[in-house]
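Here the structure is laid out as structure tokens; the discussion comes afterwards.
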Amino acid sequence: MGMTGALKAAGVAPGDEVIVPAFDTGALARDVIAAEAVPVFADIDPLTYCLAPESVGPVVTSRTAALVLVRRFGYPADSARFAELAAGHGVLLLEQDDREGLGGDVAQRREHARYLDRRLAGVETPAPAEGHRYQRYVVRVPGNGRPDRDAFARLLRRRGVACEVPVPTPVHRMREFRRDQTALAETERAADETLALPSLDGLSPAKLRRLVSVCNALGGLLQPA
Numbered sequence: 002m003g004m005t006g007a008l009k010a011a012g013v014a015p016g017d018e019v020i021v022p023a024f025d026t027g028a029l030a031r032d033v034i035a036a037e038a039v040p041v042f043a044d045i046d047p048l049t050y051c052l053a054p055e056s057v058g059p060v061v062t063s064r065t066a067a068l069v070l071v072r073r074f075g076y077p078a079d080s081a082r083f084a085e086l087a088a089g090h091g092v093l094l095l096e097q098d099d100r101e102g103l104g105g106d107v108a109q110r111r112e113h114a115r116y117l118d119r120r121l122a123g124v125e126t127p128a129p130a131e132g133h134r135y136q137r138y139v140v141r142v143p144g145n146g147r148p149d150r151d152a153f154a155r156l157l158r159r160r161g162v163a164c165e166v167p168v169p170t171p172v173h174r175m176r177e178f179r180r181d182q183t184a185l186a187e188t189e190r191a192a193d194e195t196l197a198l199p200s201l202d203g204l205s206p207a208k209l210r211r212l213v214s215v216c217n218a219l220g221g222l223l224q225p226a
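At position 154 of the sequence shown (counting the first as 1) the number is 155 in this note's numbering, and the numbers step up by one without a gap.
Have a look at this one:
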């Protein structure tokens, strides 16, 4: 069952508000709209990219019916804390895995991630977390935000290293969802700085070494703002 069906099955009614992360592609917000509900955006934790618990309370209203917790990039989410939070506000809690990178060899991804964590320089490697499945290996590029991140990504691609900006535009900044709302600082900063490196599934030792070599050579050109 997709999220639209899950919301309807849970009793979310037309016009109800559903709290979702804005650090997303927009698919989840569209699922909410398809259920005839209204997506309301909350900020993320800068380390896990999951919703920040402290960002939820300020956007809860009398119309809030549900909260959707997304496990982003394979980071574990604090389900117990969010269950307590949802119960405290009298709203439903639904959970969703990031839609990319499900399956694969989790043990191999973790081994490759440990290798990259130890050797990459010039970028901020993912924050360690017990249970991280590394569906995507997402780094932050230091410097002056989006311009430096985008330049870094272009140089990686020219050297044959696949990479992708995971969230080019936060959902609350997309035209179809834009409305008067307080800025979501951590969401916007993550959208400006994050870069997903190649999938860790099936990477050979030679490709891992080349990834480190190319990233480190380019990373030395960047300095924190």
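Glycine residues also receive a C-beta, built at the ideal position from the N, C-alpha and C atoms.
Source: prediction; values computed, not measured.
Provide the residue span of the beta strand (DSSP E) that contains residue i, from first to last.
| i | result |
| --- | --- |
| F42 | 39-43 |
| E18 | 18-22 |
What would DSSP say about residue i, mapped onto helix, strand or coil?
| i | result |
| --- | --- |
| V13 | coil |
| Q97 | strand |
| L48 | coil |
| R72 | strand |
| P54 | helix |
| E131 | coil |
| G6 | helix |
| A78 | coil |
| R141 | strand |
| A87 | helix |
Using the Cα positions of residue i and residue j, report the straight-line distance between them to the nearest angstrom.
| i | j | result |
| --- | --- | --- |
| E177 | R210 | 42 Å |
| G16 | R159 | 48 Å |
| G1 | R180 | A question about residue 1 goes unanswered here, because the residues of the chain that appear run from 2 up to 226. |
| V124 | P167 | 16 Å |
| G146 | Q97 | 29 Å |
| V71 | T26 | 12 Å |
| G132 | Y76 | 7 Å |
| L93 | L8 | 9 Å |
| R150 | L52 | 23 Å |
| Y116 | D193 | 25 Å |
Taking all protein chains shown into account, do 16 or more other C-beta atoms lie within 10 angstroms of the C-beta of residue i, making it buried, or fewer, making it exposed?
| i | result |
| --- | --- |
| G144 | buried |
| A207 | exposed |
| D32 | buried |
What are the start and end residues of each continuous beta strand (DSSP E) run of 3 or more residues lying completely inside the segment 163-214, in chain order?
-> 195-197
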